[in-house]
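UniProt numbering puts the sequence shown at residues 1 to 218.
Take a look at the structure below.
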Amino acid sequence: MAGRLSQGNLYQQTGLPAPQALGRPLEASYNLSPYQWLALQTATDTLVAAHWGLAPSWIKNLRQAPFTARKESLADNALFQQPLQQQRGLLPLQGYYDWLHAKGKRWPVFISSPEHPVLYAAALWQWYRLADVAYLTCALISVPANPFLGQFSQRMPALLDPTEHSRWLAADTPVEQCLALLQPYSATLQAWQVDPQVNSHHFQGSRCIVPQGRVFIG
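Encoded structure:
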């Protein structure tokens with residue numbers, strides 16, 4: 001579920017400058033995998049670079065940091081409780097990938113919106129300090145898949161409507177109201193099969209999202 005994301009055309013669509021990552025502009029990626037750098041929105045019209053994997057201070061290996069957080073466990077899991085209180089963000093996406101299992105094969109499918117060039121997935125963020133450097137880290141929040149996406153997976157990103165962004169980002173929004181915003185996406189989505197090479201995060205560029213087969217709308 002949402003183990004691969006696309007932010008390939010993000011800067012063109014939002015008009016926002018690329019954030020700095022390790023002293024240089026973050027290159028937009030069409031095929032982001034966990035534990036890579038991505039663009040995170042922590043305030044309105046502001047992008048920052050974040051490591052995809054929410055890292056608490058005690059963790060020693062960043063590749064063990066959770067990159068997704070289930071909505072159902074946010075309030076009870078100690079790892080997510082503090083970020084849920086005031087460290088909420090949005091992951092702006094061109095779309096994301098899931099996999100279709102058919103005829104004994106596993107085919108990557110690109111999921112996006114026919115109405116909105118950028119989708120916004122709810123996320124949590126936290127600072128992680130390594131030596132003298134502080135890194136911003138994050139996890140994408142997942143919810144049960146809506147009926148359309150249920151044919152691909154049991155889970156999906158918690159996609160928020162633009163009217164909900166300010167409430168989600170505001171530090172003074174009560175946790176109960178924030179949790180109520182995290183629902184299966186009800187607007188129209190589209191999905192199509194893409195090149196199997198997407199299975200490797202080394203496969204990059206706009207070719208990642210070129211339709212290769214059947215298109216689904218729902």
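Note that CB positions come from ideal geometry on N, CA and C, so glycine has one too.
Item	Value
Secondary structure of Trp192, DSSP reduced to three states	strand
Straight-line Cα distance separating Pro211 from Leu179	35 angstroms
Alpha-carbon spacing of Ile209 relative to Leu38, whole angstroms	18 angstroms
Check whether Gln86 and Ala171 have beta carbons under 7 angstroms apart	yes
Whole-angstrom distance between Leu91 and Tyr135, CA atom to CA atom	17 angstroms
Collapsed DSSP secondary structure at Lys71 in the structure displayed	helix
Per-residue burial, Trp58 [other beta carbons within 10 Å of its own, 16 or more giving buried]	exposed
Leu160 to Ala122 span [Cα, whole Å]	7 angstroms
C-beta atoms of Ser153 and Thr68 nearer than 7 angstroms	no
Length-filtered (3 minimum) beta strand (DSSP E) runs lying within the region 112 to 156	119 to 130, 133 to 144
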